[in-house]
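Q: This is the structure I want to talk about, given as structure tokens.
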Amino acid sequence: MKRLIMCEGANELEIVRILLANNRLIFGEDELLGLTPYHARQITGNGQVRTELNIYPGNDVLIMRIGDAQKERLKIPEDYKGKIIGIEKYCTKPELEMLFLIAEDKVAEFEKNKSTVKPKDFAKMHISLGRKKYDNSTKFYKDYFGDRVDILVQAILEYKRIKSSHKKEELYLADLIDLK
Numbered sequence: 008m009k010r011l012i013m014c015e016g017a018n019e020l021e022i023v024r025i026l027l028a029n030n031r032l033i034f035g036e037d038e039l040l041g042l043t044p045y046h047a048r049q050i051t052g053n054g055q056v057r058t059e060l061n062i063y064p065g066n067d068v069l070i071m072r073i074g075d076a077q078k079e080r081l082k083i084p085e086d087y088k089g090k091i092i093g094i095e096k097y098c099t100k101p102e103l104e105m106l107f108l109i110a111e112d113k114v115a116e117f118e119k120n121k122s123t124v125k126p127k128d129f130a131k132m133h134i135s136l137g138r139k140k141y142d143n144s145t146k147f148y149k150d151y152f153g154d155r156v157d158i159l160v161q162a163i164l165e166y167k168r169i170k171s172s173h174k175k176e177e178l179y180l181a182d183l184i185d186l187k
């Protein structure tokens, strides 16, 4: 089986790359279609994903979608339907910035303000790395969590613990963490 990881945004992609590079997922790069995760919402809109699906000879691809909204239904083109064995959704809602709030022990403070401010805006006001304030850039995610993967993993696990339940068909990033 090959896994096709489709990340909704560049920041989700960076988080997955950090976890992969540090062997913190329940699978390795060698199990990924094309040996990498992709920034893609749909198969049809991503030439690289289509190319990898065309090259791969097997009929055992599991699609793993990672993102916060995922309202858009994944459309599987007819010529790929025989290759896909399933689709899993890993939800990061309300927003990926919750990982920073957990890592910095700011969740309780955020909870007091969540009716008036989104996690992204709260993070911009309260999260920094050295002198650099959070700016929603992929570089900030890489700089913040890149060499502090244990903090990232703990934040992901804590997010699942404190988060009210997702929809029945949605999983958590924590479900992908290798706990060994």
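Whatever position you read off the sequence shown (first residue = 1), add 7 for the working numbering. Using N, Cα and C, we set each Cβ at its ideal position, and we do this for glycine too.
Smallest Cα separation from lysine 175: which of Glu79, Ile62 and Tyr97?
A: For the purposes of this step, residue 175 is identified with residue 168 of the sequence shown, where counting begins at 1. Of the listed residues, the one whose Cα sits closest to lysine 175 is Tyr97.
Q: Using the DSSP secondary-structure output, state which residues sit across from serine 135 in a beta bridge.
A: The residue labelled residue 135 in the question sits at position 128 within the sequence shown. Per DSSP, Lys140.
Q: Please say whether isoleucine 184 and isoleucine 163 have beta carbons closer to each other than 9 Å?
A: Here residue 163 refers to the residue found at position 156 when the sequence shown is read from its first residue. Here residue 184 refers to the residue found at position 177 when the sequence shown is read from its first residue. Closer than 9 Å, so yes.
Q: Tell me whether leucine 159 sits in a helix, a strand or coil according to DSSP, three-state version.
A: For the purposes of this step, residue 159 is identified with residue 152 of the sequence shown, where counting begins at 1. It is helical.
Q: Provide the residue(s) that pair with lysine 170 in DSSP beta bridges, ordered along the chain.
A: On the sequence shown, position 163 is the one that residue 170 refers to. In DSSP, lysine 170 forms no bridge with anything.
Q: Assess contact between the segment 104–114 and the segment 155–170, defined as three or more Cβ pairs (one per stretch) separated by less than 8 Å. Is contact present?
A: Touching, yes.
Q: Can you tell me the Cβ-Cβ gap for isoleucine 73 and glutamate 21, rounded? I've got them flagged as a contact below 8 Å.
A: Counted from its first residue, the sequence shown places residue 73 at position 66. Counted from its first residue, the sequence shown places residue 21 at position 14. No, isoleucine 73 and glutamate 21 are not in contact; Cβ-Cβ is about 11 Å, not under 8 Å.
Q: What does the alpha-carbon distance come out to for the pair alanine 181 and leucine 27?
A: Translated into the one-based positions of the sequence shown, residue 181 becomes position 174. Translated into the one-based positions of the sequence shown, residue 27 becomes position 20. The straight-line gap from Cα to Cα measures roughly 14 Å.
Q: Where do the ends of the beta strand (DSSP E) carrying glycine 93 lie?
A: Residue 93 sits at position 86 when you count from the first residue of the sequence shown. Per DSSP, glycine 93 belongs to the beta strand (DSSP E) from 91–98.
Q: Note down the Cα distance separating alanine 110 from lysine 9, rounded to an integer number of angstroms.
A: Counted from its first residue, the sequence shown places residue 110 at position 103. Counted from its first residue, the sequence shown places residue 9 at position 2. So the alpha carbons of these two residues sit roughly 32 Å apart.
Q: Expressed to the nearest angstrom, what Euclidean distance is found between the alpha-carbon atoms of isoleucine 50 and isoleucine 25?
A: Against the sequence shown, residue 50 aligns to sequence position 43. Against the sequence shown, residue 25 aligns to sequence position 18. The alpha-carbon atoms of isoleucine 50 and isoleucine 25 are separated by roughly 23 Å.
Q: Is alanine 17 buried or exposed, if buried means 16 or more other CB atoms sit within 10 Å of its CB?
A: Position 10 of the sequence shown, counting from 1, holds the residue named residue 17. With fewer than 16 other Cβ atoms within 10 Å, it is exposed.
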